[in-house]
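S.K.: In our numbering, the protein residues as written are 531 to 931. By construction, the Cβ of each residue, glycine as well, lies at the ideal position given by its N, Cα and C atoms.
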């Protein structure tokens, strides 16, 4: 508990001080926008307004990244936050105004607590450095003797306790407000939803194209080369049957080995497209097999699963496979839990690991691929990965009623 409080305070303190500093900048930004809007009537303010609108967008994007990082979530893509430039701008401007007020309040509170802590803990030092007769007067309380100077740091312990309680609560509250305001769509929901679907379809097409290129590359570089080798060996066998039958038999054996290798590589390509275990034994057995092959302890919670559409089962299978790889390769997990549920409307895949957390979609951890697989089915992906862990990946795939 204490370690978590210390960790949350260490991450929340710079976050709140940054929010407080940003709030001062945002007041100037809001005043500048009002002035530019007034000057736009005569044309002078149009370039300035365009410049400030770009600053609003960059500031909001930066705050969204900071809030998602603190909350351990993966924020939505920027294109999905806007159905149009106007909708996006008003969402962002609403946050700029909110942070100008809330960020300033939280920032000043944290600054007072931090300064109070520093002063209280260092009073004995100041009492020793300052010349005799010079009164030390922190927060209106005069310190005029060594006993008073030695006892004053006790107040510093109170400040520290207040910091450790207030900072995590304020930082989490501020981050949740930022996340809610910058990802909410209000009355523009239908338009933003259309933008989300368009973006997800585009990502799905890109992923599909990349998958086709991978399959073509695997077939060309592996299976095709093996089959060419088989054909060459059979050609040599045909020529040597008349002159050296014994050598021809050796070449037949070599050709047979090359054919076996080609079949093995072809089976590997097929498994990467549609694992045969899905067709033979179903999704529950396929996920259990993944868990059994996992190099760290992996438990599964699988409800009674009815067969879903093949494409949906493939997506769920590879979501689990990629999540297990992430937990082992990037999170340093020592235990993983996989839960799979399905009802009349949706299939839910949830993978929890006890690794060090801090998963970042931009760092090539495979989260982007999981999100693209889910988006292709109009599904949702939620990632909660605070620093220190645990990491939870939850994917919901609609499957109709």
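1. Which term fits residue 829, buried or exposed, when burial requires 16 or more other beta carbons within 10 angstroms of its beta carbon?
2. Given that a residue counts as buried once 16 or more other Cβ atoms are within 10 Å of its Cβ, and exposed if not, what is residue 768?
3. Starting from the Cα of residue 563, find the closest Cα among 929, 538, 626 and give me that residue.
4. Could you check where the alpha helix (DSSP H) with residue 806 kicks off and where it finishes?
5. When you compare only the Cα positions, how much space is there between residue 613 and residue 549?
6. Under the three-state reduction of DSSP, which class applies to residue 929: helix, strand or coil?
7. Applying the criterion that 16 or more other CB atoms from any shown protein chain within 10 Å of the CB defines a buried residue, is residue 775 buried or exposed?
8. Which word fits residue 772, buried or exposed, when buried means at least 16 other C-beta atoms lie within 10 angstroms of its C-beta?
9. In the structure shown, what three-state DSSP assignment does residue 789 receive?
10. Residue 696: which of 898, 654, 558, 637 sits nearest, CA to CA?
11. Can you give me the start and stop residues for the alpha helix (DSSP H) that residue 502 sits inside?
12. What does residue 653 pair with, by DSSP beta-bridge criteria?
13. Could you tell me whether the stretch 778-790 touches the stretch 810-826, using the rule of 3 or more Cβ pairs below 8 Å?
14. Taking DSSP's pairing of strands, which residues face residue 883 in a bridge?
15. With DSSP collapsed to three states, give me the class of residue 823.
16. Got a sec? Which residues, its chain only, sit under 7 Å from residue 909 by beta carbon, not counting five neighbours each side?
17. How is residue 875 classed by DSSP in three states: helix, strand or coil?
18. I'd like the list of long-range same chain contacts for residue 916, defined as Cβ closer than 6 Å, with 5 residues on each side in sequence excluded.
19. According to the neighbour-count rule (16 or more other Cβ atoms, all chains shown, within 10 Å of its Cβ), is residue 780 buried or exposed?
20. When you compare the CB positions of residue 884 and residue 855, do they come within less than 8 Å of one another, or not?
21. Do you know how far the Cα of residue 693 is from the Cα of residue 640?
22. Within this structure, are the beta carbons of residue 900 and residue 843 separated by less than 8 Å?
23. What residue range does the alpha helix (DSSP H) around residue 843 cover?
24. With DSSP run on the structure shown, which of helix, strand or coil describes residue 582?
M.R.: Reading it off the structure:
1. As a first step, residue 829 must be located in the chain shown, where it is residue number 299. Exposed, by the Cβ-count rule.
2. What you label residue 768 is simply residue 238 of the chain shown in a count that begins at 1. It counts as exposed.
3. Walking along the chain shown from the start, residue 563 turns up at place 33. It is 626.
4. Translated into positions along the chain shown, residue 806 becomes position 276. Unbroken alpha helix (DSSP H) run through residue 806: 806-811.
5. Here residue 613 refers to the residue found at position 83 when the chain shown is read from its first residue. Here residue 549 refers to the residue found at position 19 when the chain shown is read from its first residue. Confidence at residue 613 is low in this model, with a pLDDT of 43, below 50, so the placement of that residue is unreliable and no value is reported for it.
6. Counting from 1 along the chain shown, the entry for residue 929 is found at position 399. It is coil, neither helix nor strand.
7. Indexing the chain shown from 1 puts residue 775 at position 245. Answer is exposed; the Cβ neighbour count stays below 16.
8. Counting from one through the chain shown, the residue named residue 772 turns up at place 242. So residue 772 counts as exposed.
9. Taking the chain shown and counting its residues from 1, the one referred to as residue 789 is at position 259. Looking at residue 789 - three-state DSSP - the assignment turns out to be helix.
10. Residue numbering aside, residue 696 sits at position 166 when the chain shown is read from its first letter. Nearest option by C-alpha distance: 637.
11. No information on residue 502 is available, as it lies outside the stretch 531 to 931 that the chain covers here.
12. Residue mapping note: residue 653 aligns to position 123 of the chain shown, counting from 1. None; residue 653 has no bridge partner.
13. no
14. The residue labelled residue 883 in the question sits at position 353 within the chain shown. DSSP, once it has assigned bridges, lists 866, 921 as partnering residue 883.
15. Counting from one through the chain shown, the residue named residue 823 turns up at place 293. Note: residue 823 maps to helix in three-state DSSP.
16. For this step, residue 909 is matched to residue 379 along the chain shown. Around residue 909: 925, 926, 927, 928.
17. Within the chain shown, numbered from 1, the residue matching residue 875 stands at position 345. Of the three classes helix, strand and coil, the one that applies to residue 875 here is coil, per DSSP.
18. Counted from its first residue, the chain shown places residue 916 at position 386. Contacts found: 602, 887.
19. Sequence index remark: in the chain shown, residue 780 carries index 250 (1-based). That one is exposed.
20. Taking the first residue of the chain shown as 1, we reach residue 884 at position 354. Taking the first residue of the chain shown as 1, we reach residue 855 at position 325. No, the Cβ-Cβ distance between residue 884 and residue 855 is not below 8 Å.
21. By one-based count along the chain shown, residue 640 stands at place 110. By one-based count along the chain shown, residue 693 stands at place 163. So the alpha carbons of these two residues sit roughly 7 Å apart.
22. Stepping through the chain shown from its first residue, residue 900 is reached at position 370. Stepping through the chain shown from its first residue, residue 843 is reached at position 313. Not in contact: residue 900 and residue 843 (Cβ atoms no closer than 8 Å).
23. To locate residue 843, count along the chain shown from 1; it is residue 313. Residues 840-859.
24. In the chain shown, counting from the first residue as 1, residue 582 sits at position 52. Three-state result, residue 582: helix.
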